[in-house]
Amino acid sequence: MRVLDSDRSTGLTNEQVKERWQKYGPNELEETAGRSSWDILLDQFKNIMLLMLIGVAFVSGFLDVVKLQQGDLEPGEVPFKDTIAILLIVILNGVLGYLQESRAEKALAALKKMSSPKVRIIRDGRTLEVSAKELVPGDIMLLEAGVQVAADGRLIEESNLQIREAALTGEAHAVEKEANLHLAEDTPLGDRINLVFQGTEVVQGRAKVLVTNTGMKTELGRIAEMLQSVESEPTPLQQRMSQLGNVLVTGSLVLVVVVIIVGLLRSGWNFATFIALVEVSLSMAVAVVPEGLPAVITVTLALGTQRMVKRNALIRKLPAVETLGSVTTICSDKTGTLTQNKMVVQQVATVKQKIQVSGEGYTPEGEFILDNKSVNATQYPELKSLLLACVECNDAELQCEPNNAPGSNGGNWKILGDPTEGALLTLAGKGNLQKENIDRQMPRVEEIPFSSERKRMSVIVKNESESLLENSGNFILFSKGSPELILQRCTYYLEGWQNAKLTENQRAEILEQNNQMAANGLRVLGFAYKPMDNKPSGDLNENEVEQNLVWLGLVGMLDAPRPEVREAVARCRQAGIRPVMITGDHQLTAKAIAHDLGIAQEGDRVLTGQELQRISQEELEREVDQVSIYARVAPEHKLRIVQALQNRGKFVAMTGDGVNDAPALKQADIGIAMGITGTDVSKEASDMVLLDDNFATIVAATEEGRVVYTNIRRFIKYILGSNIGEVLTIAAAPILLPTGGVPLTPLQILWMNLVTDGVPALALAVEPAEPNVMKRPPFNPRESIFSRGLGWYMVRVGIIFAILTIILMEWAYTHSQGSGDPERWKTMVFTTLCLAQMGHAIAIRSNTQLTIELNPMTNPYVWGAVILTTILQLMLIYVPPLRAFFGTHVLDFGELLICLGFSMLMFVWIELEKLFIRWFGKTRK
């Protein structure tokens, strides 16, 4: 109050408000300018392969202008068709890239929506309702149930205040706030119970708050600032494609220079020869660029997104499909992702018995297990009485919604009210005690409500049924709350249906039981009751009524792990992926869940938010490889953890649902938001959304990502192997043939790269997963696109392609010169290259298995693509309009068979390679 010069009763004066408005500005989040749509579009044409194609298009256009001026165009030849075709491909690839990148980041817009539009305040001694953006530090803000907190502030006074901070901390349960409390400056965000934060929601109670921070100075503002400071890194696929472009263009330019120099040295300098060599160079430049590759990759990623949706993973950014396959570390939030986001009672303890409870979620089905045997709760007086207390000290409702889904049994159980009280009703239901029946037989007549000071609640019920609780009076008081405080007010404990005196040793044992349950990560409540002959008259005095209670027992509950997550974690480890838990919850709870799921081993270190605050980024980077659990973390901690892992060379997937997760989601290599519980902010900052909020879905999506990457490598091998063959064939023509000449025009090369390469490549993109795809570590996300033999394969196969085609070209050239059409050799070369690719597509489906060993029905699309492309290629030769446009010549049946024979040799070569690799592997063993 003194620092902000405000008054708790009258608030700020109008003059103070004006001054502070000038100093602090409006209470809203500020946005920094990002890349415009125009910038994104222009960036697409900075790709080195597209720049080379643009250069080729202009040179081709210039040569056509020269031909027009000199009258050298052949009859029926369409000028500028190569230029137009190449520029159309450039524009198509640019548009595809733009569509992938142009999705504007809307995370900040979603963050702004969390600001409350109106707020009640005190100014100049009057209560006013103003727009939230008009708040300034020092204002007195009034809160009540149902409102959204409009700014950060310090509680001045409160009454039974509970605030849901899930959006900020990620934890599901409402936080009980206390005004009269002083905390250390380094207290974690989730434990600052004397403060309120912008964007959170008041669930219960009322309060008066001194506004301490507004706009970008709030916790929400700090998240917005972090969100805008995170820069997007190129994905592994984008980096590899960039590297591929550099290698191809550099190689192409070197080859162009060599061909022109050798050609000029061989033929001597003259303008006609130079123009002919430039035409050869243009064809080589077009041949080296895989024009169809961006489109094939985009379609492959899109098909991957469709498969992932079927597995409950929605991909927001296409490159994320392949990026998932490179993940080495998954940082997961606990609540709702690893766990069910449903409190479930795990353990019950009376003075003489310790009972385990089975069951999942809020479904009231499960067993009470005592000494490894299932028992009937109603046969044990102590347990039955404890379950009665769970029902009576309860304001929640357990409801069953019908589930009409095929194969479903019964309905979906859900809770109306507090999740903790819901867990107690579910526990009682497992003992066949339903709230509706109990309330009729024991109607509530009085209540002493829960408060953050009392840490307990008590109810008085009228006992209209002796069958429920024997040896009880006309009225019964039930109490629930903090075990230590409830136990302090107990004099007896229930043994059978009799009350026995509590000894000091028994008190110590109960407290030790409480500590053990808490150490296992359970949230523990204590229960007691007291028989009463008469209902107390007048106002209830808690100090009189809540005395000499009878201890019933302890109930320990947990947000239970999802049953399928244990297997998913095991699959992660088998696949060489390390799971890490990052949560805002207490470290004991986090440790219990992590050990249960196999995320952490005995002795693993837990790092808390407070410890993170104290260590430097360099120290954190040294620790991250040893820490699998981070507890009580704040938003900036999550960001630091992800950055530390990335600096250690890890490829990080980060899951989250709250506003607090958004900066880390954006920083991570793959940001994964929750579809059910996730905020709009987290979804907009993410690359992928889990439709079922399930950790197991991430593992399934990772498998799909690995399949997609394997298939991308497969069709890159396929496409670039033939491209190298094309380039070498074109380069050899002016050197080996007596009159030189270009065997392929740019338009024919575009046809090969787009159709005869592109259509089978799309079919290879849907090749099913290999059996060991999730039984090996992830490949290094920073590995070269040419790694693991891909580069050597492309060169090797490209050379074989070229040798076969050059041999055919030599024969076809000689053969054509003696016929009536001396240019037919070019069509034979064109046809052989196209048909050889069909054999290549069939053979490349597997690196080790022969084609006859593969089931053709595992990927019938390849066979369909081969047949379709072959028919299209023959149409270019035998359909007159297409023949005229593409500049081909009619081949007779014998010539066509020779082309087919040479083409088949490519298939035979690759199959022989597989047999050699198989034989070589056996001899090494």
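Numbering-wise (the numbering used here), the sequence shown opens with residue 119 and increments by one. Idealized CB from N, CA, C, for every residue including glycine. Given the structure is predicted, the values throughout are model-derived calculations rather than measurements.
Distance CB(residue i)-CB(residue j) smaller than 7 Å
i	j	result
Leu808	Met792	yes
Thr318	Val267	yes
Thr863	Gly982	no
Leu788	Ala771	In the sequence on display, residue 788 carries Ile and not Leu. Cβ distance < 7 Å, so Ile788 and Ala771 count as in contact.
Ala420	Met806	no
Ile204	Ala250	no
Val745	Leu715	no
Thr287	Thr353	no
Asn145	Thr332	yes
Thr416	Val439	no
Ser124	Gly256	yes
Lys548	Gly479	no
Gly1047	Arg750	Residue 1047 lies beyond the range of the chain shown here (119 to 1043); nothing can be said about it.
Pro781	Ser444	no
Trp669	Tyr611	yes
Met1022	Gly957	yes
Gly614	Pro895	no
Bridge-paired residues (DSSP) for residue i
i	result
Tyr611	Ala618 and Trp669
Thr399	Correcting the residue type first, residue 399 is Ser in the shown sequence and not Thr. Looking at the DSSP assignment, Ser399 forms no beta bridge with any residue, so it has no partner.
Asp677	Met461
Cys508	In the DSSP output, where bridge partners are listed per residue, Cys508 has none listed.
Cys449	Val698 and Met772
Exposure label - residue i; buried when at least 16 CB within 10 Å
i	result
Met1024	buried
Ser492	exposed
Pro856	exposed
Lys460	buried
Val1008	exposed
Asn298	exposed
Leu1033	exposed
Trp1027	buried
Ala626	exposed
Thr447	buried
Arg680	buried
Where residue i sits in the DSSP three-state scheme
i	result
Glu627	helix
Ser124	coil
Leu260	strand
Asn278	strand
Glu254	Reading the sequence as shown, one finds Val at residue 254 and not Glu. Here Val254 sits in coil by DSSP.
Thr966	coil
Phe163	coil
Val745	strand
Trp531	strand
Asn550	coil
Leu1058	This structure leaves residue 1058 out entirely; the chain is present only between 119 and 1043.
Arg562	strand
Gln322	strand
Pro306	coil
Ile239	strand
Phe904	coil
Pro649	strand
Val439	helix
Thr201	helix
Asn890	coil
Asp270	strand
Ile604	helix
Ser249	strand
Interface flag, residue i vs chain C, CB-CB below 7 Å
i	result
Asp805	Judged by its chain identifiers, the structure shown contains no chain C, having just a single protein chain.
The ligand HEM heavy atom lying under 6 Å from the CB of residue i
i	result
Glu622	No copy of the ligand HEM appears in this structure; indeed no ligand is present at all.
Task: the segment 670-687 in contact with the segment 622-639 per 3-pair CB rule at 8 Å - done: yes
Open item on the list: Assess contact between the segment 919-929 and the segment 461-473, defined as three or more Cβ pairs (one per stretch) separated by less than 8 Å. Is contact present?
Closed with: no
- [ ] May I ask you to verify whether the segment 273-280 touches the segment 567-581, counting CB pairs closer than 8 Å and requiring at least 3?
- [x] yes
Open item on the list: If contact is defined by three or more beta carbon pairs under 8 Å, each pair taking one atom from either stretch, is the segment 764-779 in contact with the segment 440-454?
Closed with: The segment 440-454, when compared against the segment 764-779, does touch it at the 8 Å Cβ threshold.
Open item on the list: Taking contact to mean 3 or more Cβ pairs, one atom from each stretch, closer than 8 Å, check whether the segment 820-835 and the segment 878-892 are in contact.
Closed with: yes
- [ ] Evaluate contact between the segment 397-412 and the segment 164-171, counting only Cβ atoms and requiring at least three cross-stretch pairs below 8 Å.
- [x] Inter-segment contact for the segment 397-412 and the segment 164-171 is present: three or more beta-carbon pairs are separated by less than 8 Å.
- [ ] Check whether the segment 954-965 touches the segment 976-991, counting contact only when three or more Cβ pairs, one atom from each stretch, lie closer than 8 Å.
- [x] yes
Open item on the list: With a threshold of 8 Å, are at least 3 pairs of Cβ atoms found where one atom belongs to the segment 504-524 and the other to the segment 613-627?
Closed with: no
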